[in-house]
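Below is the structure:
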């Protein structure tokens, strides 16, 4: 758009200058014709006069010389105008070509930018799809882990309840084993380097006490050798699973 405006302004300036020069040339041509007519009149008057002052002759010569110079300038003026017109046309052609090259380069840049933007949008869409699939898989895996953790927690609580209930039942069956069970729990806590030995028993403490009760009663009464190994099995299971 700027190139077109520049070409238009240059074109207008060229035609204005040409019109001004033509008007000047026409005015000088009229003046030259008037001088020629004046010269002819002077020549006729000269023929009629026998004696002409020397000063008048010199003035006429100067006028003729000036008229000749004006004529030569008028002859050279079209040549100068032609040279300026040629230079103007060359400049106009250069501006037009530059405008075309600029438009072509701008169009190519816009096409390249559009292609890159389209490619980037496709890559972003593919990345979003992959990320969405990965997030869904991660959510499924997390849900599975949470479900498994909840199931294990429920099982652990059930085992803890069973152990505590079994130890209480064993205490009712073998009240004489309480002192031995307390001793074994205290030894276990000392071995675990617990600072406060007077805190309430944990499910694992009840498991230790239950194992101690069964072992103690078997040691003092051989008739208890046929008691099911429930406490021992629970103790081993708890130790392997690292409940506490």
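Numbering (the working numbering), first residue to last: 4 to 247.
Quick reminder that beta carbons are idealized off the backbone N, C-alpha and C, glycines included.
query	result
Proximity winner among 147, 196, 155 and 205, relative to residue 170 (alpha-carbon distances)	205
Pairwise C-alpha distance: residue 208 and residue 191	8 Å
Exposure of residue 166, with buried meaning 16 or more beta-carbon neighbours within 10 Å	buried
DSSP state of residue 200 mapped onto helix, strand, coil	coil
Nearest-angstrom Cα separation, counted from residue 76 out to residue 114	56 Å
Range of the contiguous alpha helix (DSSP H) that encloses residue 208	206-223
Residue 174, DSSP secondary structure in three states	helix
8 Å Cβ shell around residue 23 - same chain, five flanking residues per side excluded	none
Contact under 8 Å by Cβ, residue 84 with residue 21	yes
Cβ neighbour criterion (16 or more within 10 Å) applied to residue 15	exposed
Length of the line joining the Cα atoms of residue 188 and residue 196	12 Å
Proximity winner among 91, 181, 100 and 107, relative to residue 217 (alpha-carbon distances)	181
Between the CA atoms of residue 176 and residue 156 - distance to the nearest angstrom	30 Å
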